[in-house]
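Chains A and B supply the protein sequences, listed in that same order.
Here the working numbering = 1-based position in the first sequence + 7.
Here the working numbering = 1-based position in the second sequence + 527.
Every residue gets a Cβ at the ideal spot worked out from N, C-alpha and C, and that includes glycine.
To keep things clear, I will list the structure first and then write my remarks on it.
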Amino acid sequence: AQSVAQPEDQVNVAEGNPLTVKCTYSVSGNPYLFWYVQYPNRGLQFLLKYITGDNLVKGSYGFEAEFNKSQTSFHLKKPSALVSDSALYFCAVRDGGNTPLVFGKGTRLSVIA
Amino acid sequence: GAVVSQHPSRVICKSGTSVKIECRSLDFQATTMFWYRQFPKQSLMLMATSNEGSKATYEQGVEKDKFLINHASLTLSTLTVTSAHPEDSSFYICSARGGREAYEQYFGPGTRLTVT
Numbered sequence: 008a009q010s011v012a013q014p015e016d017q018v019n020v021a022e023g024n025p026l027t028v029k030c031t032y033s034v035s036g037n038p039y040l041f042w043y044v045q046y047p048n049r050g051l052q053f054l055l056k057y058i059t060g061d062n063l064v065k066g067s068y069g070f071e072a073e074f075n076k077s078q079t080s081f082h083l084k085k086p087s088a089l090v091s092d093s094a095l096y097f098c099a100v101r102d103g104g105n106t107p108l109v110f111g112k113g114t115r116l117s118v119i120a
Numbered sequence: 528g529a530v531v532s533q534h535p536s537r538v539i540c541k542s543g544t545s546v547k548i549e550c551r552s553l554d555f556q557a558t559t560m561f562w563y564r565q566f567p568k569q570s571l572m573l574m575a576t577s578n579e580g581s582k583a584t585y586e587q588g589v590e591k592d593k594f595l596i597n598h599a600s601l602t603l604s605t606l607t608v609t610s611a612h613p614e615d616s617s618f619y620i621c622s623a624r625g626g627r628e629a630y631e632q633y634f635g636p637g638t639r640l641t642v643t
C-alpha cells in the first residue's frame, strides 16, 4: 500500500527567504508524485508532478521539487517566499497502476512579511 | 482543458434529509472518478472509487449505504449522502481521471456540506 508522510504540521518562513516543505513516500512500484496547494474553503490546485525524467521538477508559481529515490523524498521548495504563498500544501503519491492518489496530512505554510 | 466541476459548492440541510452532490468532467471523459472527504484542518480521505458503469469500490470504514455513489456516464458521478447527520458535515471533493494524461487526477472545487 502507498503512503505519504509530511512530518511538519506548520512551516513558518519570512518573506523573501527560501522555503522547504518536506514529503516522504512509500510505494510498492514506481512512484507518481504530486504537490497540491489549497486555499481556505477552496479545492486543490495542482503545483507540480514527478512521473519520470529529471529529478528536479519545476512547477507553478515558482515552486520546484526534487525527487530523491534513495531517500524516498519529494520535498517542495521555493527560492524566495511570498506572503501570498501562505496556504495548506499537500503531497500525494500513487503507484504506476490504476490506483487513486493518496495524500499526506498537509503542511500549513505561513509566510510572514 | 481537464476541468472538473462540482455542484453545489455549498449546501445546508436538515438532519435526516438526503443531499446529492454532482461531479462533472467538462472537457474529457472520466473513466474513473474518486470521492474524497476532508475534515477541517485535515487531509483528504479517500471514500470511494468508481468506474463508469460499475459499482463503486468503497474504502474501509465508509458506509456504502449512507454514501451512495453513481457513475452513470463518462462525464458525471454523483454522491448522495442519505439520512444526513451533523457528523456528516464536511468538505467533499471529487476527482476524475481520464483524458489524454491517463495518470493525471483532476480535482473539483469541492462542496461544503453543513447538516443542522
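{"Item": "With burial defined as no fewer than 16 other Cβ atoms inside 10 Å of the residue's Cβ, what is the status of A:Val-20: buried or exposed?", "Value": "buried"}
{"Item": "Go ahead and pull the three-state DSSP assignment for B:Tyr-720.", "Value": "In this structure chain B extends from 528 to 643, so residue 720 of chain B is not present and cannot be described."}
{"Item": "Taking 7 Å as the CB-CB limit, is A:Gly-113 close to chain B?", "Value": "yes"}
{"Item": "May I have a chain-ordered list of the alpha helix (DSSP H) segments no shorter than 4 residues that lie completely inside the region 546-610 of chain B?", "Value": "none"}
{"Item": "Quick one: residues in its chain with C-beta nearer than 6 Å to the C-beta of A:Arg-101, no 5 flanking neighbours on either side, listed in chain order?", "Value": "Tyr-39, Leu-108"}
{"Item": "Distance cutoff 7 Å, beta carbons only. Does B:Thr-584 sit that close to anything in chain A?", "Value": "no"}
{"Item": "Rounded to whole angstroms, what is the Cα-Cα separation between A:Ala-72 and A:Ser-93?", "Value": "17 Å"}
{"Item": "Anything in chain B within Cβ reach of A:Phe-97, meaning under 9 Å, just list it in chain order.", "Value": "Ser-570, Leu-571"}
{"Item": "Identify, in the order they occur along the chain, each residue of the same chain with its Cβ nearer than 6 Å to the Cβ of A:Phe-74, setting aside the five sequence neighbours on each side.", "Value": "Tyr-57, Asn-62, Phe-81"}
{"Item": "Measuring alpha carbon to alpha carbon, tell me which of B:Asn-597, B:Ala-599, B:Ala-575 ends up nearest B:Gly-588.", "Value": "B:Ala-575"}
{"Item": "Tell me which residue opens and which closes the beta strand (DSSP E) that B:Val-622 is part of.", "Value": "Strictly speaking, residue 622 of chain B in this sequence is Ser, with Val absent from that position. That run of the beta strand (DSSP E) goes 617-625."}
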